[in-house]
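Visitor:
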Amino acid sequence: MLVINKENLRNKKVLVRVDFNVPTENGIVQDAFRIENTLPTIELLKSVGAKIILISHIGKTTNYNRDQSLRNVIDTATNTYKSKIVFIDDCMDENAGSIIDNSSVDNIVLMENLRFYQNEENCDFEFAKRLAKLADFYINEAFSVSHRKHASIFALPQFLPHALGLSFVREIRTIDNFFADTSSPKMCIVGGTKLSTKVNLLKNLVKKVDKLAIGGGIAGVFSSFFGKLYLDCGKNEYERDVIEIAENANKYNCELILPIDFSALIDTERCNDAKIFDIGPNSVELFKSHLKKSKLLLWNGPVGLFEKAPFDFGTMSIAKEVSQLTQNGELTSIIGGGDTSFAINKFNMAKDMSYISTAGGAFLSYLEGRELPGIFAMHLSDSQFSLDHTLLT
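Sequential numbering of the sequence shown, starting at 14, is according to our numbering.
#1: Starting from the Cα of phenylalanine 100, find the closest Cα among Asn108, Ile87, Asn92 and Gly110 and give me that residue.
#2: For lysine 305, tell me which candidate among Gly293, His70 and Ile331 has the shortest Cα-Cα distance.
#3: What residue from Val316, Val122 and Gln131 has the CA that sits closest to leucine 83's CA?
#4: Considering only their Cβ atoms, is the gap separating aspartate 223 from lysine 199 smaller than 7 Å?
#5: For glutamate 56, write down the residues that DSSP places opposite it in a beta bridge.
#6: Under three-state DSSP, which class holds glycine 374?
#7: Taking all protein chains shown into account, decide if proline 386 is buried (16 or more other Cβ within 10 angstroms of its Cβ) or exposed.
#8: Can you tell me where the beta strand (DSSP E) with asparagine 263 in it begins and where it stops?
#9: How would you write the range of the beta strand (DSSP E) that lysine 360 sits in, first residue to last?
#10: Distance, Cα to Cα, valine 27 vs alanine 356?
#11: Under 8 Å: do the region 154-170 and the region 124-136 share three or more Cβ pairs, one atom per stretch?
#12: Identify, in the order they occur along the chain, each residue of the same chain with its Cβ nearer than 6 Å to the Cβ of tyrosine 251, setting aside the five sequence neighbours on each side.
#13: Checking 7 Å against the spacing of the C-beta atoms, do leucine 393 and glutamine 171 come in under that value?
#14: How many angstroms separate the CA atom of histidine 175 from the CA atom of leucine 218?
#15: If you follow the beta strand (DSSP E) that leucine 269 is part of, which residue opens it and which one closes it?
#16: At a cut-off of 6 Å, is leucine 177 close to the ligand ZN when judged by its beta-carbon and the heavy atoms of the ligand?
#17: With a cut-off of 8 Å on the beta carbons, I'd call alanine 155 and aspartate 44 a contact; round off their distance for me.
#18: Assign threonine 210 to buried or exposed, taking buried as 16 or more other Cβ atoms, counted over all protein chains shown, within 10 Å of its Cβ.
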């Protein structure tokens with residue numbers, strides 16, 4: 014790990030790539046978790062007298078609009094960091110360097126949304142070079158977007174000495190330690206709507222865990238294939254994938270746990286077509302029985318349409334069980350993925366879990382065993398600019 018060395022940062026200008034892509038309403042932050050998660054790194058930089066320059070994106074855009082301006086996070090960032098925020102409303106402003114130089118070390122500089130420029134998502138190296146000229150050092154504290162090959166993630170660290178932020182390192186170590194632990198029964202719960210988004214994850218997990226419970230709409234494919242659900246649910250489309258996952262589960266001694274009942278809407282005109290909205294009460298009890306026998310849990314994907322009652326029953330019931338077991342010291346619980354984290358926060362159980370990831374796509378990519386551009390770039394030196402940067406897409 015390229016972890017922070019405090020002495021390398023003393024009195025330096027440090028460019029920190031954070032992820033402030035937080036929900037806002039009428040210019041007010043609705044969930045500050047991602048901002049608060051960066052606090053350990055910010056406090057470390059303050060302790061060595063570093064001048065802090067934050068860069069981030071918010072939303073999906075290439076044109077300026079008020080709703081996706083990082084001005085909206087200033088109040089929350091000020092309260093979180095207990096520092097005045099100096100805002101630069103154009104990350105390519107020619108005066109940005111002098112603004113930073115003239116700013117007090119007690120202030121924190123925040124630059125406007127990187128994605129107001131197409132150069133960010135196009136991984137423009139000249140764009141990254143201009144940002145790099147503003148600082149002496151670069152820190153990536155944005156694990157949640159490190160699966161993107163963007164300028165601030167992939168190109169920027171190749172122009173400056175660099176390190177990973179404290180929360181970024183914790184994310185990686187938490188996942189790595191989960192897989193490295195061989196002494197405890199390990200269980201994964203994987204949910205979601207579309208099997209296409211979770212196939213690679215399931216293929217990787219069955220080789221590494223003791224129990225794999227599958228919920229949500231993707232469970233319908235497995236249950237219909239194995240005769241537990243007498244409906245199609247797309248089983249023919251994914252037949253090869255299901256067979257491969259099942260064979261590897263058997264090969265690597267991973268127990269597949271499938272729902273035995275569902276809350277579903279059946280199309281009466283096409284009686285073999287169903288939309289699954291949740292796992293049923295018997296399945297909840299089945300999942301809970303396996304949780305009680307496990308010591309480590311990694312959960313990615315809600316097991317039903319938790320946003321809408323009564324289809325929040327399955328996800329909420331399992332979350333309560335995980336919460337109780339964690340608080341009793343019987344289970345170490347790792348929650349990852351945007352929807353799963355959102356569900357746990359909605360049920361007010363976040364404080365009860367061992368660890369909640371800030372990431373969605375990056376968490377999933379890392380679990381699948383992919384090399385993240387944000388990590389890969391950290392291992393490239395200045396002499397490697399001739400590298401074919403189209404290799405990572």
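All C-beta atoms, glycine included, are put in the ideal place defined by N, C-alpha and C.
Guide: According to the structure data:
#1: Ile87
#2: Ile331
#3: Comparing Cα-Cα distances from leucine 83 to each of Val316, Val122 and Gln131, the minimum goes to Val122.
#4: yes
#5: Per DSSP, none; premise fails for glutamate 56.
#6: helix
#7: buried
#8: That residue, asparagine 263, is in no beta strand (DSSP E); its alpha helix (DSSP H) goes 252-264.
#9: Here residue 360 is phenylalanine; the residue named in the question, lysine, does not match the sequence. Premise fails: phenylalanine 360 is in no beta strand (DSSP E) and is neither H nor E.
#10: 35 Å
#11: yes
#12: Leu208 and Val234
#13: yes
#14: 32 Å
#15: Per DSSP, leucine 269 is one residue of the beta strand (DSSP E) stretching across 268-270.
#16: Among the ligands in the structure shown, none appear at all, so the ligand ZN cannot be discussed.
#17: At roughly 16 Å, the Cβ-Cβ gap does not stay under 8 Å, so alanine 155 and aspartate 44 are not in contact.
#18: Under the 10 Å beta carbon count, threonine 210 is surrounded by fewer than 16 other beta carbons and is classified as exposed.
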